[in-house]
Amino acid sequence: WSVPLKSKFITFPGDILKNMTDSELAESYLKKFGYMNTLHRSGFQSMVSTSKALKRMQRQMGLEETGELDKSTLELMKQPRCGVPDVAN
Amino acid sequence: YKTFDGDLKWDHNDVTYRILNYSPDMESSLIDDAFARAFKVWSDVTPLTFTRLFSDEADIMISFGKADHGDPYPFDGKDGLLAHAYPPGQGMQGDAHFDDDEHWTLGRGPAVKTRYGNSDGAMCHFPFIFEGKSYTTCTTEGRTDNLPWCSTTADYNRDKKFGFCPSELLYTFGGNADGAECVFPFIFQGEEYDSCTTEGRSDGYRWCATTNNFDNDKKFGFCPNRDTAVIGGNAEGEPCHFPFVFLGKQYTSCTSEGRGDGKLWCATTSDYDDDKKWGFCPDQGYSLFLVAAHEFGHALGLDHSSIREALMYPMYSYVEDFSLHEDDIEGIQYLYGSKTGPDPTPPQPNPPTTDDTDPTDEPEPTEPTTTTTMTPVDPTKDACKMTKFDTITVIAGELHFFKDGLYWKISSSNNAGLKGPFSISEKWPALPSVIDSAFEDLLTRKQYFFSGTRFWVYQGKNVLGPRSIEKLGLPNTVQKVEGALQRGKGKVLLFSGENFWRLDVKAQKIDKGYPRYTDAVFGGVPNDAHDVFQYKGHIYFCRDRFYWRMNSRRQVDRVGYVKYDLLNC
Numbered sequence: 003w004s005v006p007l008k009s010k011f012i013t014f015p016g017d018i019l020k021n022m023t024d025s026e027l028a029e030s031y032l033k034k035f036g037y038m039n040t041l042h043r044s045g046f047q048s049m050v051s052t053s054k055a056l057k058r059m060q061r062q063m064g065l066e067e068t069g070e071l072d073k074s075t076l077e078l079m080k081q082p083r084c085g086v087p088d089v090a091n
Numbered sequence: 069y070k071t072f073d074g075d076l077k078w079d080h081n082d083v084t085y086r087i088l089n090y091s092p093d094m095e096s097s098l099i100d101d102a103f104a105r106a107f108k109v110w111s112d113v114t115p116l117t118f119t120r121l122f123s124d125e126a127d128i129m130i131s132f133g134k135a136d137h138g139d140p141y142p143f144d145g146k147d148g149l150l151a152h153a154y155p156p157g158q159g160m161q162g163d164a165h166f167d168d169d170e171h172w173t174l175g176r177g178p179a180v181k182t183r184y185g186n187s188d189g190a191m192c193h194f195p196f197i198f199e200g201k202s203y204t205t206c207t208t209e210g211r212t213d214n215l216p217w218c219s220t221t222a223d224y225n226r227d228k229k230f231g232f233c234p235s236e237l238l239y240t241f242g243g244n245a246d247g248a249e250c251v252f253p254f255i256f257q258g259e260e261y262d263s264c265t266t267e268g269r270s271d272g273y274r275w276c277a278t279t280n281n282f283d284n285d286k287k288f289g290f291c292p293n294r295d296t297a298v299i300g301g302n303a304e305g306e307p308c309h310f311p312f313v314f315l316g317k318q319y320t321s322c323t324s325e326g327r328g329d330g331k332l333w334c335a336t337t338s339d340y341d342d343d344k345k346w347g348f349c350p351d352q353g354y355s356l357f358l359v360a361a362h363e364f365g366h367a368l369g370l371d372h373s374s375i376r377e378a379l380m381y382p383m384y385s386y387v388e389d390f391s392l393h394e395d396d397i398e399g400i401q402y403l404y405g406s407k408t409g410p411d412p413t414p415p416q417p418n419p420p421t422t423d424d425t426d427p428t429d430e431p432e433p434t435e436p437t438t439t440t441t442m443t444p445v446d447p448t449k450d451a452c453k454m455t456k457f458d459t460i461t462v463i464a465g466e467l468h469f470f471k472d473g474l475y476w477k478i479s480s481s482n483n484a485g486l487k488g489p490f491s492i493s494e495k496w497p498a499l500p501s502v503i504d505s506a507f508e509d510l511l512t513r514k515q516y517f518f519s520g521t522r523f524w525v526y527q528g529k530n531v532l533g534p535r536s537i538e539k540l541g542l543p544n545t546v547q548k549v550e551g552a553l554q555r556g557k558g559k560v561l562l563f564s565g566e567n568f569w570r571l572d573v574k575a576q577k578i579d580k581g582y583p584r585y586t587d588a589v590f591g592g593v594p595n596d597a598h599d600v601f602q603y604k605g606h607i608y609f610c611r612d613r614f615y616w617r618m619n620s621r622r623q624v625d626r627v628g629y630v631k632y633d634l635l636n637c
C-alpha cells in the first residue's frame, strides 16, 4: 500500500479564502442569515446567544433543535444556498 | 411558507422583467429560456403575467455579478451564496442577482448549445463517439482551425450530426460588436493580447477586441466560456492544461490536492509551481432555472420556507422533474390568489373537522350554572398596588385587568376612570381565579379564557369548557398561553414562552407553519413577555411592571409603566 499523500494545503492566488474553523463558520453563517444580532426597525439590537441562534436555524432548516453545532448542522451550513437572510430584518 | 414583513407584493399582476447581462457559462438563448421557464413556474399558479423588457426600468431587473457587484451584499466566490433577490418595490427592490463565480448549467454538467454545423443549434450529446474514441467535452480533434465542436448524437461516425461549441473564436456576447468573434492578436493599451483578458475591468469578466486594435476601434465583446474552461480561480475561462506540475508532482487530471475543501482544480499552464494559474474543474454546476425560480419567488414577495422539499427552502438541491410544492403554491396564492380567482384571497381555512372532544373531556353543561357562593370582594383592593397582572385584555371594548380572582376595567374612551375590583366568578362562574390570557373573538363575540393547559369559551351566560388546549392543536409542551392577538378575520396569535402559534378560530385549529419565534417577527420586544394584548391599534407586550408598545408597522414606539400609562394611577 502506498503511504497516503500528506496533503499540504496551500493558498491559491485569487481564491476567496474560506478556510475558517467550524465555530467561525457557524458564527458568520448565523449572523449573515439573520439568526444573530438582528437589528430591528425600532433600532432595538437584540443579542441572541449562539445556542439560541443555532436552535432557530435548526428549526428553520427542519433539523433537530439541539442548540449544538452538531455534524448535520455544520454540513447544512456548508451547502450552497440563497443569499437572502432567513430571519427577515 | 413566509412572506416578507407587511406582506410585500406587487400592486399589479402584469409584472415586467429585464435581463441586464449574461453569464459566460451558457449561451444567451439558454439563459433567456431558463429565466422564462422560471417565471412560468409562478404564472402557472397565479393571475401574474411576466413581460420581458429590453430597455428602461422593469419591475424585476436581473443581472449576473461577482463578489462585490454593486449592492451591500457581496457574493463569495464559487459555491456558498449562489444568488439573492429583493422583495417587491421600487428601485433595487424586486431585483435578482446571480453569482457569476458559480458554474451555471441546467443542473447536470455543462449545458452546451451548438451553433452552425448541421444540427440547427441542438445541444451537445455527452458522451459521444468520434472515430472510436469517447468524448465527454467539446473537442478540436479532427479540425485544423482549432474550433471546438461536438456531436449532437451519441455516435458521430454513425449520424454525422455535429455543431460548434461556445468559443471566443466563434462569437462574443454583450459588448458593442454585435456578437462578432474575437480577433487575435489585438492591441489594448499598447499591449498585444492573443487571448481573452480581464485586464481593464474590475468585474472579472473576460473580453476581447473584435478588431486587431481596440485602442483605435473600441470594438469589443465578452468571451463565452468553453465547456472545458475552469471556473473561478485566477484563470477563469481558460481550459485545464494536462499534464501539469504541482508541488513537483505531475497530474494528468483534476485533483483536490493542496485544498482542504475537497474541490477539484487544475492548472491552466503546464507548471503550476511556476505560473500559479489555476481554476476549479467543471462540475455538475447549478441549475440556473431552479435558482432563478427560487429568486423570483423572493422578487414576488415570498421569504424562505422551512419545508425542505419546497422551492423556497434556502438550500439548493437539484431536482430532475421539478414541480412546485404545495407550500410554495399556498404562499404565492396567499399573496396573489390562484390562477382563476379574480382577487387574491388567502387560502381557505381547512374545513372545520367534526368536534373531536372525547367523552372523558365532556365540556361543562352550557346552561347557565347555578350561582356559586360569591366570595365577597374587598373593595379596598387597589389595582395601582399590583406589580403585575395575570392578564390584560380588551373585552366588550373595555380594557380588563385580571388578578387573583378579581378584575378591574377601564373604558377605551379617554379620561375614563378605572372601575372595580369585581369578582371574576360573579361574571364568569366557571372560570378559575388565575387567568393566563383571554381574548374576545371579534366576529362571534365569544370570549376565550386560558388558564394553564385548559380553556373556556363564553358566549353570553353560556360556557363551553374546560377543554384541553391540545384540542386547538397546541403541543403538549405548552404549559400556558400567555398572550392572544387578534390578526384579521378569524385569526388569533397565541403566545407562549418565546413562540407563537396562529389559531384559525373558525376551524378551531392551529394553522400550519407554526410555531414561530416571537422575536423573529416582533423584533425589539422581550421574548419572555408574560402578557400580550391588542389595545387601540397597538400591540402591547408586558413584562413585570413595564410594557413595550408596537405600532402597526411592528415598530416598538413606546416603553412605559402599566400602572401609570394604562391604569392611569
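First to last, the sequence lines map onto chains A and B.
As numbered in the working numbering, the first sequence has no gaps in its residue numbers, which increase by one up to the final residue, 91.
As numbered in the working numbering, the second sequence has no gaps in its residue numbers, which increase by one up to the final residue, 637.
Yeah, the Cβ is synthetic: ideal placement off N, Cα and C, and Gly gets one too.
For clarity, every value in this text was computed on a predicted model and none was experimentally measured.
C-alpha of B:PRO155 to C-alpha of B:PRO115: approximately 18 Å in a straight line. At a cut-off of 8 Å between C-beta atoms, A:LYS73 does not count as an interface residue with respect to chain B. The stretch 81-99 of chain B and the stretch 77-84 of chain A do not touch, with fewer than 3 CB-CB distances between them shorter than 8 Å. Closest option to B:CYS233, judged by alpha-carbon separation, among B:TYR273, B:HIS309, B:PHE252 and B:ASN186: B:ASN186. For B:ASP246, the closest of B:ASP227, B:CYS291, B:THR221 and B:THR266 by C-alpha to C-alpha distance is B:CYS291. Near chain A, meaning a CB-to-CB distance below 8 Å, the residues of the stretch 319-351 of chain B are GLU325, GLY326, ARG327, GLY328, ASP329, TRP333, LYS344 and TRP346. By the Cβ neighbour-count rule, B:PHE590 is buried, with 16 or more other Cβ atoms within 10 Å of its own. In the structure shown, B:GLN401 adopts helical secondary structure according to DSSP, grouped into three states. The beta carbon of B:ILE375 sits closer than 7 Å to the beta carbons of TYR381, HIS393 and ASP395 from its chain, once the five residues preceding and following it are set aside; these are given in chain order. In the three-state DSSP reduction, B:TYR239 falls in the coil class, being neither helix nor strand. Taking 8 Å as the cut-off, the beta carbon of B:HIS171 is found closer than this to the beta carbon of B:ASP351. Between B:VAL600 and B:GLY558, the beta carbon gap of about 19 Å keeps them out of contact (Cβ cut-off 8 Å). Listed by position along chain A, the residues whose Cβ is nearer than 9 Å to that of B:SER374 are ARG61, GLN62, MET63, GLY64 and ASP88. Counting along the chain, the unbroken alpha helix (DSSP H) around A:MET79 starts and ends at 73-79. From the listed residues B:THR448, B:GLN161 and B:ARG555, the smallest Cα separation to B:ASP572 is found for B:ARG555. Taking 8 Å as the upper bound for CB-CB distance, A:PHE35 and B:GLY326 are not in contact here, some 30 Å apart. In the structure shown, the three-state DSSP call for B:TYR273 is coil. B:THR512 and B:LYS529 have their C-alpha atoms some 14 Å from each other. In this structure the stretch 273-293 of chain B touches the stretch 249-262 of chain B; the number of beta carbon pairs closer than 8 Å is three or more. Those residues of the stretch 151-176 of chain B placed with their C-beta closer than 9 Å to a C-beta in chain A are ALA151, HIS152, ALA153, TYR154, PRO155, HIS165, ASP167, ASP169 and GLU170, ordered along the chain. For B:SER131, the uninterrupted beta strand (DSSP E) segment begins and ends at 128-133. In this chain, the beta strand (DSSP E) harbouring B:GLN515 covers 515-519. Taking 8 Å as the cut-off, the beta carbon of A:LEU71 is found closer than this to the beta carbon of A:ASP24. Annotation: the stretch 321-394 of chain B contains the following complete segments of the alpha helix (DSSP H) (minimum length 4 residues), in chain order: 340-343 and 356-368. The stretch 452-464 of chain B makes contact with the stretch 600-617 of chain B; the number of CB pairs closer than 8 Å reaches 3 or more. The three-state reading of DSSP puts A:ILE18 in coil, since its state is none of H, G, I, E or B.
At the C-beta level, B:PRO195 and B:ARG294 stay beyond 8 Å of one another.
Annotation: Cβ neighbours of A:LEU78 in chain B (cutoff 9 Å, chain order): MET383.
B:VAL387 is classed as exposed because its beta carbon has fewer than 16 other beta carbons within 10 Å across all chains shown. Judged by beta-carbon spacing, B:ASP168 lies beyond the 8 Å limit of B:LYS146, meaning their Cβ atoms are not closer than that value. Approximately 17 Å separates the beta-carbon atoms of B:THR545 and B:SER505; this is outside 8 Å, ruling out the contact.
Taking the Cα positions, B:MET383 is about 40 Å away from B:ASN214.
Closer than 7 Å at the C-beta level to chain A, one finds these residues of the stretch 579-592 of chain B: TYR585, ASP587, ALA588, GLY591 and GLY592. Per DSSP, B:TYR603 lies in no alpha helix (DSSP H) segment; the continuous beta strand (DSSP E) that holds it begins and ends at 599-603. Rounded to whole angstroms, the gap between the alpha carbons of B:TYR582 and B:ASN81 is 29 Å. Short of 6 Å from the beta carbon of B:PRO142, and not among the five residues preceding or following it, lie these beta carbons of its own chain, in chain order: ALA135 and ASP136.
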